[in-house]
Amino acid sequence: MAFIKNAWYVAGWADEVKAGEMFHRQLLGERVVFYRKADGTPVALQDRCAHRFIPLHLGKIVDDRIECLYHGLQFDCSGRCVKNPHGDGRVPEAARVAAYPVHERHGMMWIWMGDAPADASLIPDYGVLDDTAAFTSSRGYLHIQANYELMGENLLDLSHITYLHDGYLGSPEQAGADQVVEEEGDHLLCNRWMPSVTPPGIFNMLYRQDGKPVDMWTRMLWMPPSCFLLDSGVHEAGAAQREDHGWYYGVHILTPETERTTHYHFAAAMPIGTRMSPETDEKFRALRRYAFEMQDKPIIDAQQEAIGDADFWSLKPVLLSIDLGPVRMRRAITRRLQAEAEQTA
Amino acid sequence: MAFIKNAWYVAGWADEVKAGEMFHRQLLGERVVFYRKADGTPVALQDRCAHRFIPLHLGKIVDDRIECLYHGLQFDCSGRCVKNPHGDGRVPEAARVAAYPVHERHGMMWIWMGDAPADASLIPDYGVLDDTAAFTSSRGYLHIQANYELMGENLLDLSHITYLHDGYLGSPEQAGADQVVEEEGDHLLCNRWMPSVTPPGIFNMLYRQDGKPVDMWTRMLWMPPSCFLLDSGVHEAGAAQREDHGWYYGVHILTPETERTTHYHFAAAMPIGTRMSPETDEKFRALRRYAFEMQDKPIIDAQQEAIGDADFWSLKPVLLSIDLGPVRMRRAITRRLQAEAEQTA
Amino acid sequence: MAFIKNAWYVAGWADEVKAGEMFHRQLLGERVVFYRKADGTPVALQDRCAHRFIPLHLGKIVDDRIECLYHGLQFDCSGRCVKNPHGDGRVPEAARVAAYPVHERHGMMWIWMGDAPADASLIPDYGVLDDTAAFTSSRGYLHIQANYELMGENLLDLSHITYLHDGYLGSPEQAGADQVVEEEGDHLLCNRWMPSVTPPGIFNMLYRQDGKPVDMWTRMLWMPPSCFLLDSGVHEAGAAQREDHGWYYGVHILTPETERTTHYHFAAAMPIGTRMSPETDEKFRALRRYAFEMQDKPIIDAQQEAIGDADFWSLKPVLLSIDLGPVRMRRAITRRLQAEAEQTA
């Protein structure tokens, strides 16, 4: 399976890796087990014993190590086997499992699965999730039955909100709004500006709840290979600048599980000062989740099923103006995959 | 997948394609969506958007067109994209999906998926289903987990009714009755004549309900690639000709879904004037359906499972006299496949 | 699929093949149907009609023959078609299904699926199951989702009982006990001697039920390709020899179903004179079954899933002293497979 390896991926919410417990997940086609040392430091190891290939997560944590359930071999946080309870106890040099750099940041557990040095400064900036003085946030997770690039295209081409999310995130007057795609280093920013439109469901809820025309914007930032940050909102039609409410940050993070499945972590960071009541706020979250789970997910899953194992380009997709962002994303991913393949070769 | 393309296949009962709704089904390995224009004309399109491959049947019907749920592209009944609501609205020439000729006849929705011109006069004649002055008819559908040729062999070799349908459609005295196979153009007619036999379950029910010996016949007509019409019945043993009751037409129509699954539409047309009471008539239909669903289907599904992905002939099936019809059918199918392959090449 | 063919395998318990009924199972990748002749002699035939490949077990037994459900062909116990009820009744020479030598012994139905002559004297000796004067026995069956070699390694390397079966079959003091592997002809004997250990759960139950230290032994005999006999027990720590209780024979018999699934028949033969009450005896059996079903099976199934379709050695398993028996088993199996391949070529 071809995934960009030298990158930070989100393995889960940081608090899913609990003290004294193991958390396991398939990431980039590899099975990985997570646990915390007694001091709380998180560890990520290949989830397959070097001896007889039993998933290590079936075992137990003993003194910051994992002990395999089958024959009691112990692996430390570097992946090295440090105890063989059998015979003379000698540990063969090859008795190792892969250990992956992990880093907790912004409430998420980040993992680096490539061979290049893991530089924590490369972790995408989701500081809005930490800024509790300015934002309140909520979060969710979906398992997508599709390759992460299909989900990434969904995020980079938000023209679909007018159709797929009509009444929830989009409204008919948005049709025809063109996307402007900007590049900032290896980041892509896909902007849509939709002046004087009826505020779609959750934006109306977020704003004045009076249905009067607003100007609406979506600004989706792609941080390769699969992290996204959306700045989206509405303000009074014709007003010069955003107000202290009526907008929020959307966090969208994709992690390939396999070639055909994806872990999708998402969150919303709402600026404090919203006009929403607790009930409206609850409804806002529920409708947003509904849009992702009951509208996006089925269509992306169906898209993958239609594509099957075919190469995406081999099916000759028609290209429209709205595909500018998605196509640049695909090309950038291909370039990085080629660069990694050349470094390995 | 190798299917005969230049032929009419039944996609469903005509009334399954309802006004204002979409009906979708996989046929010859292709996903197809059906709908009706405002004037009732049926349309069949490739069920996969040309842009991002979403099943069109998830969208909606707008002005005789299908609008894709994902980005709002609209396709007309010729398969051409006639509306791109994005950017400058230009529609790329390649923005098309396949459109298939369809024709409603005999209560069924026929589709032509090949490149040759679709000639409605080639639709097999099931006029008995339309002749309500002379026949009453009933119908059913089964999803078969096997290649359509296996089900076709079942229909062309009715010697199996003596064993598989003993007491329902067959009786022990039928054993040994030879098949006579006649060719009429590209049609095959497989006849069995079984003089002086105990009337099998449903034939006894259909006839005098006294269990006295009868002469029985089955005349199965194959109209390639996968349409069948059975004339079957009983009359007084030794009588010279059929009576106005004691027989019926069986309609058996196979449509490949995939290499290993088949849509099976069937119907019975009973000459008006039957001696059956409404209760007996109901029981007749139930037993006939039982024979297909609980006796034929399990054995054909098991046959496919035993064959797996192997080529049928590679398993060296033993050939008996009863296989004359099935073998001719297989050879005729192979010849037509080769002819189509040569035309394409 | 590469299995050793010239060997006796257990197809099932002998009493699973009942008079007048058919018993069918996939063995070494082949589907086989078993039945008994009127005189009780068991028969094993290929479970696929030579004519149209229907599973014969769907048919019926008629005069020591199987009659196929579909067209009534009859096959005798040699696999030859002896009745074709159609046309002139001639039976083609090729109308045969494979017939396999079978032998009932030790309460099990043994089958020989290779081309070499089937010599009943080669059936592994499980006479302990017949010696009702000296032993009481119980038995069980599990379907394992793994190749039989993985299950065989489990049986030949009982060091795992200390970890996987801690408290049931093993106890911590056993760690470090080395295995001694002896060869006797083509048999392997893997012995562990564990002096002065706390008696593990079921051994304590079997013995004095006082938890006092005991000497414990496990002696696992491998009779290729996949039959095992365990002599295991405890006696007073430091005592010179076994007592008339505190030990039992474990019967473990593996039969490949497919490359990735295995039939696992097991039994225990307890020397009469045990100190166990009927209640304790019942609990002993339940705990032993628990160990196999809830501890061994999940780990072996997970091991196969981790290996997937990869070649075992290609994954470079780390070799420890405990693997001496398993590795010799794998090598012996490879040698026999090569020898069979050369004979066939």
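Chains as they are written, first to last, in UniProt numbering: chain F, 1 to 345; chain A, 1 to 345; chain S, 1 to 345. Cβ coordinates follow ideal geometry from the N, Cα and C atoms, glycine included.
Query: Test: F/S321 CB closer than 8 Å to a CB of chain A; Result: yes
Query: Exposure of F/Q174, with buried meaning 16 or more beta-carbon neighbours within 10 Å; Result: buried
Query: Residue burial classification, F/K297 (beta-carbon count within 10 angstroms, cutoff 16); Result: buried
Query: Meets three-Cβ-pair contact criterion under 8 Å: the region 223-232 of chain A and the region 290-310 of chain A; Result: no
Query: When F/V180, F/R335, F/I307 are compared against F/D323, the one with the closest alpha-carbon; Result: F/V180
Query: Local Cβ density within 10 Å of S/S277, reported as buried at 16 or more and exposed below that; Result: exposed
Query: Limits of the alpha helix (DSSP H) - the one that F/L206 falls within; Result: 201-206
Query: Within 8 Å of chain A by C-beta, residues of the region 166-183 of chain S in sequence order; Result: none
Query: A/G12 versus A/I111 - alpha carbon distance; Result: 9 Å
Query: Nearest to A/A38 (by Cα), restricted to the options A/K18, A/A237, A/R330; Result: A/K18
Query: At least 3 beta-carbon pairs within less than 8 Å: the region 162-172 of chain S vs the region 197-211 of chain S; Result: yes
Query: Proximity test, Cβ basis, 8 Å: S/V102 and chain F; Result: no
Query: Alpha-carbon spacing of F/Q303 relative to A/I61, whole angstroms; Result: 20 Å
Query: Buried/exposed call for S/I272, threshold 16 Cβ in 10 Å; Result: exposed
Query: Cβ-based burial, A/H57 [other Cβ within 10 Å; buried from 16]; Result: buried
Query: For A/D154, the first and last residue of its enclosing alpha helix (DSSP H); Result: Residue identity check: residue 154 of chain A is Asn in the sequence provided, not Asp. Start and end: 148-156.
Query: Listed by chain order, chain S residues near A/V197 by CB distance under 8 Å; Result: Those within 8 Å of A/V197 in chain S number zero; the least Cβ separation is about 14 Å.
Query: Residues that S/Q343 bridges to, as DSSP identifies them; Result: Looking at the DSSP assignment, S/Q343 forms no beta bridge with any residue, so it has no partner.
Query: Residue range of the beta strand (DSSP E) that includes A/R219; Result: 214-223
Query: Residues that A/R45 contacts on chain F, provided the C-beta gap is smaller than 7 Å; Result: Contrary to the premise, residue 45 of chain A reads as Leu rather than Arg in this sequence. The premise fails here: A/L45 is roughly 14 Å from chain F at the closest Cβ pair, so nothing lies under 7 Å.
Query: For A/L230: DSSP bridge partner residues; Result: A/M220, A/G250
Query: Sub-8 Å separation of F/L129 and F/G325 beta-carbons; Result: no
Query: Three-state secondary structure (DSSP) of F/V128; Result: helix
Query: Residue ranges of each alpha helix (DSSP H) within the region 64-139 of chain S, 4 or longer; Result: none
Query: Span separating the alpha-carbon of S/S171 from that of S/S196; Result: 11 Å
Query: Bounding residues of the beta strand (DSSP E) (the contiguous stretch that carries F/P195); Result: 187-197
Query: Chain-ordered residues of the region 295-317 of chain A with a beta carbon less than 8 Å from chain S; Result: P298, I299, A302, Q303, A306, I307, L315, K316, P317
Query: Cα-Cα separation between A/Y168 and S/Y9, rounded to whole angstroms; Result: 42 Å
Query: Every unbroken alpha helix (DSSP H) inside the region 291-316 of chain S [4 residues or more]; Result: 297-307
Query: Integer Cβ distance of F/E153 from F/M329, believed to fall under 8 Å; Result: 7 Å
Query: 8 Å Cβ shell around S/G79 - same chain, five flanking residues per side excluded; Result: L45, Q46, R96, V97, A98, A99
Query: Any C-beta of chain S under 8 Å from that of A/H160; Result: yes
Query: Under 8 Å between C-beta atoms of F/A267 and F/R139; Result: yes
Query: Strand pairing of S/P271, partner residues [DSSP]; Result: S/F135
Query: Chain-order list of residues whose beta-carbon lies under 7 Å from that of S/I54 (same chain, five-residue window excluded); Result: C68, L69, Y70
Query: Counterpart residues of A/Y163 in DSSP-defined beta bridges; Result: BP columns for A/Y163 are empty, so no partner.
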